[in-house]
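Engineer:
Number of protein chains: 2
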Amino acid sequence: MTFPTRDECLALDASDPLAAYRDEFVLPDGVIYLDGNSLGALPRRTAAHLQHVVTQEWGQGLIRSWNDAGWFEAPRRLGDRIGTLIGAGPGQVVVCDSTSINIFKALTAALGLRPGRDVVIGDRDTFPTDLYMMEGATAGTHEQRLISADGPALADVLDDRVAAVLLTQVDYRTGRMYDMAAVTAQVQAAGALMIWDLAHSAGAVPVDLDGCGADLAVGCTYKYLNGGPGAPAFIYVATRHEDATQPLSGWHGHADPFAFTPDYSPAPGISRFLVGTPPLLSYAGLEASLEIWDRVDMADIRAKSLALTDLFISLVEARVGSHVEVVTPLDHAVRGSQVSLRHEDGYAPMQALIERGVIGDFRAPDLMRFGFTPLYVGYADVWDAVDVLTDVLTTEVWREPQYATRLAVT
Amino acid sequence: MTFPTRDECLALDASDPLAAYRDEFVLPDGVIYLDGNSLGALPRRTAAHLQHVVTQEWGQGLIRSWNDAGWFEAPRRLGDRIGTLIGAGPGQVVVCDSTSINIFKALTAALGLRPGRDVVIGDRDTFPTDLYMMEGATAGTHEQRLISADGPALADVLDDRVAAVLLTQVDYRTGRMYDMAAVTAQVQAAGALMIWDLAHSAGAVPVDLDGCGADLAVGCTYKYLNGGPGAPAFIYVATRHEDATQPLSGWHGHADPFAFTPDYSPAPGISRFLVGTPPLLSYAGLEASLEIWDRVDMADIRAKSLALTDLFISLVEARVGSHVEVVTPLDHAVRGSQVSLRHEDGYAPMQALIERGVIGDFRAPDLMRFGFTPLYVGYADVWDAVDVLTDVLTTEVWREPQYATRLAVT
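Line by line, the protein sequences are chains V and F. Sequential numbering from 9 applies to the first sequence in my numbering. Sequential numbering from 9 applies to the second sequence in my numbering.
#1: Just reading off the alpha helix (DSSP H) that F/Asp318 is part of, what are its end residues?
#2: Just curious, the alpha helix (DSSP H) that F/Arg350 is in, first and last residue?
#3: Between F/Gly365 and V/Phe33, what straight-line distance do the alpha-carbon atoms span, to the nearest angstrom?
#4: Chain V partners of F/Ser290, CB-CB under 7 Å?
#5: For V/Asp384, which of helix, strand or coil comes out of DSSP?
#6: The alpha helix (DSSP H) spanning V/Asp442 covers which residue range?
#7: Taking the beta strand (DSSP E) that F/Trp204 belongs to, which residues open and close that run?
#8: Can you find a CB in chain V that lies within less than 8 Å of the CB of F/His1?
#9: Flag F/Ile106 as yes if its beta-carbon sits less than 8 Å from any beta-carbon of chain V, otherwise no.
#10: Can you pull the chain V residues whose beta carbon is under 8 Å from the beta carbon of F/Gln59, in chain order?
#11: Less than 8 Å between CB atoms is the rule here; does V/Gln359 satisfy it with respect to chain F?
#12: Beta-carbon of F/Ser46 versus every beta-carbon of chain V: anything under 8 Å?
#13: Do the CB positions of V/Phe380 and V/Leu42 come within less than 8 Å of each other?
#14: Out of curiosity, what's the CA-to-CA distance linking F/Pro337 and F/Gly183?
#15: Smallest Cα separation from V/Ser273: which of V/Leu282, V/Ser279, V/Phe281, V/Ala263?
#16: Would a C-beta distance cut-off of 8 Å place V/Leu201 and V/Arg122 closer than the cut-off?
#17: Count the other CB atoms within 10 Å of the CB of V/Thr107; is the residue buried (16 or more) or exposed (fewer)?
#18: Check whether the stretch 53-71 of chain V touches the stretch 52-68 of chain F, counting contact only when three or more Cβ pairs, one atom from each stretch, lie closer than 8 Å.
#19: Express the C-alpha separation of F/Leu361 and F/Val324 in angstroms, rounding to a whole number.
#20: Between the Cα of V/Met306 and those of V/Asp369, V/Val215, V/Gly344, V/Gly277, spot the shortest distance and give me the residue it belongs to.
#21: Roughly how far, in whole angstroms, is the beta-carbon of V/Ala246 from the beta-carbon of V/Asp223, given that I think they are within contact range, below 8 Å?
#22: Does the beta carbon of F/Ser257 come closer than 8 Å to any beta carbon on chain V?
#23: Ends of the alpha helix (DSSP H) at F/Asp88?
#24: Counting only Cβ pairs nearer than 7 Å, list the residues of chain F close to V/Gln68.
#25: So which of F/Thr285, F/Ala296, F/Gln100, F/His60 has the shortest CA-CA distance to V/Lys231?
#26: What does V/Ala49 touch in chain F if you count any residue whose Cβ is under 9 Å from its own?
#27: Between F/Val178 and the rest of its own chain, which residues show a CB-CB distance below 6 Å, the 5 nearest in sequence each way excluded?
#28: Name the residue from V/Asp21, V/Gly48, V/Asp15, V/Thr13 whose alpha carbon lies nearest to the alpha carbon of V/Leu294.
#29: Go ahead and label F/Arg414 buried or exposed: buried means 16 or more other beta carbons lie within 10 angstroms of its beta carbon, across all protein chains shown.
#30: Using a cut-off of 7 Å between C-beta atoms, extract the partners of F/Tyr140 located in chain V.
#31: Can you give me the Cβ contacts of F/Gln194 inside the same chain, cut-off strictly under 8 Å, excluding the 5 residues immediately before and after it?
#32: If contact is defined by three or more beta carbon pairs under 8 Å, each pair taking one atom from either stretch, is the stretch 113-132 of chain F in contact with the stretch 243-261 of chain F?
#33: Does DSSP classify F/Val396 as helix, strand or coil?
#34: Which term fits V/His340, buried or exposed, when burial requires 16 or more other beta carbons within 10 angstroms of its beta carbon?
#35: Report the rounded CA-to-CA distance for V/Arg84 versus V/Asp21, giving the unit in angstroms.
#36: With 7 Å as the limit, tell me which residues of the stretch 107-140 of chain V have their beta carbon closer than that to any beta carbon of chain F; keep them in chain order.
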């Protein structure tokens, strides 16, 4: 089987329209970082922006910065900027809390909009916090039905008892991607509301929430969006659902938070999905990275993402195809921005790779996962990563005992 | 009426055992900061620690820092350190989410421990987010009864239908402080659970949660603890309530979060009160400030706090007693670490004060609020602040029209 040479990969890097963005990120020497789908790399501009927020806005401005530095508006301001990356018009997205907590809000809001329906649908294969939050949000009130890649399919379980469907657009393990428009239409045809988890979509693939007529969505900013470790999440609620409410009715979601009235009155619009005081140092990390994203065309991201994953898949199949199984779809239409390889002892080979500077991650029970972030991963990186992977797998160095020791976070 | 001279205040500063801490904080030139009960001042060490977390832990360590830099344990590690300031033994406190969200968890957990009881009690005078969250957490399931300084009293509404009582130890408006041991005993004698909101207590007054037998508590780290704007909150659950659960059942609260099983199984102990991925840049701010708090004796804080508030009250009464009413209790036993002055046009005088470098805040409808943070406020600061206040009130400069324009955040 033929595959590209390293020189051919270098030529692709030289003609890459996104190549200049690489210099906007800090990348450690000797590391090929293929885990930006778990924690995005550090933008160079972030450290200085954080210093400004800490020393000037907090240190000098103190409490006055709630007005003067725009802290109070940060959840809405950053929400609108993320909205441009996911096809959401202004006033429908706020940055707040964690993805898990936003799932709770989205689910409870959706259930409130569909009284009399007593079923929710989730995906057994999804990142489990979605299922855990569904369990907490619906225990004792709604029956849970789970679809799966192995069946049942959505059509098998969707009926007029279903209030809401929660699906992650890009599967965290396999990288398989749903057709957002088609699934949204299918769910809405049954009278249910569609909630999208965009954890592995935002900044990874083009998303058009408004165009697809999505009802609600949540997502993450610390993966492809490079907002920093645990950067605040976001929630989208379509404008037509302006009457939706959710039970985490904190003061930042109040219509008049500084009137200090004892009764809760939800703010008009998306602000009612805010709860408590936002962790502003973490917002500052996201604000810095969005300065990059404001300039990026998601079509360029998608084109390079598919080229990188195509390259990785072709090199893996040619060089170590007998050692691993590519579980990510080959069909572009249903592929996100990652490639996962099945290996029955996947944990140890991944530790051996990481020790050699190729950082991906492992997802139980048997997947080696590699994320491709077009802003700072190049074609030669892919070639070099597969070269190291080939060495690790063919020499079986991963069988050395030190690679079997489990870390707390895998 | 006699009152201390400025020289006498300088002498008090010179003999203050906490005086050296002032140099550990950044305080803007020309500012007397009496709003540390809303947003604590910036510790000098914080900027460097943030830079380390950003450039080294995130930038160089990347995903590996979840293990290598202890990110995964941060909620428990910082929780135990806060525990030492509020009388909570190890393993009972985690740092996470916002105070509002932690109120939701504490309330739902308490209600789950008291099945068959259908009433919750709150305080009409409390910071309203506590009431808003109670409304969201109990709508349709529990009757809400509200006590107030104007009545009814707790004894009037406490009966065997009450599942839980949520009170803020130090009132955000008046600075009035509950006797934590006595109220906890009163509530528990009725078979209910006691939840304390320590927003204006942690780092302000000595608290002994374990000693008082408190059931649950929540609190804030961006006020007296100086963790930074919107720094993550904390929640305390007494070890004996190890079976308590709450519906925000996210993956960081799972018994084995990296097994990625589809069913939720709560972690043993306090970890089950965690939800999603923590905003680690905001945790870094708190971690830096706790380096100071680890060295502080809360008895010293209390002694100086009472001396500062006594001084402020005596100066205010002597110099502008005819313009304002001191609403904070004179009795030390029931006074927190703030003093509030009633003035029928309180908003405009506070804006005039802030323009002159004396930063307090206004709380509707008519309170000028001044917080006294013993780590960085001195006796001469108090003298100077009252001197400016005297000028603003006696000249009536606050009647100038520019001070009437309302800001978004008051």
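By construction, the Cβ of each residue, glycine as well, lies at the ideal position given by its N, Cα and C atoms. Quick caveat: nothing in here was measured; it's all calculated off a predicted structure.
Structural biologist: Once the coordinates are examined:
#1: 306-328
#2: Careful: F/Arg350 lies outside any alpha helix (DSSP H), inside the beta strand (DSSP E) at 346-350.
#3: 40 Å
#4: Pro287, Leu289, Ser290
#5: The sequence given here places Tyr at residue 384 of chain V; Asp does not occur at that position. Coil, per DSSP.
#6: The structure shown has nothing for residue 442 of chain V, since chain V only spans 9 to 418.
#7: 201-205
#8: The requested residue 1 of chain F is not part of the displayed model; chain F covers only 9 to 418.
#9: Per the sequence shown, the amino acid found at residue 106 of chain F is Ser instead of Ile. Answer yes: the Cβ-Cβ gap between F/Ser106 and chain V drops below 8 Å somewhere.
#10: Ala55, Leu58, Gln59
#11: no
#12: yes
#13: yes
#14: 7 Å
#15: V/Ala263
#16: yes
#17: buried
#18: yes
#19: 14 Å
#20: V/Val215
#21: 6 Å
#22: yes
#23: 82-91
#24: Pro36
#25: F/Thr285
#26: Trp66, Gly67, Leu70
#27: Met185, His208, Ser209, Gly344
#28: V/Gly48
#29: exposed
#30: Ser257, Gly258, Trp259, His262, Tyr272
#31: Leu162, Ala163, Leu166
#32: yes
#33: helix
#34: exposed
#35: 37 Å
#36: Thr107, Ser108, Ile109, Phe112, Arg132, Pro136, Thr137, Leu139, Tyr140
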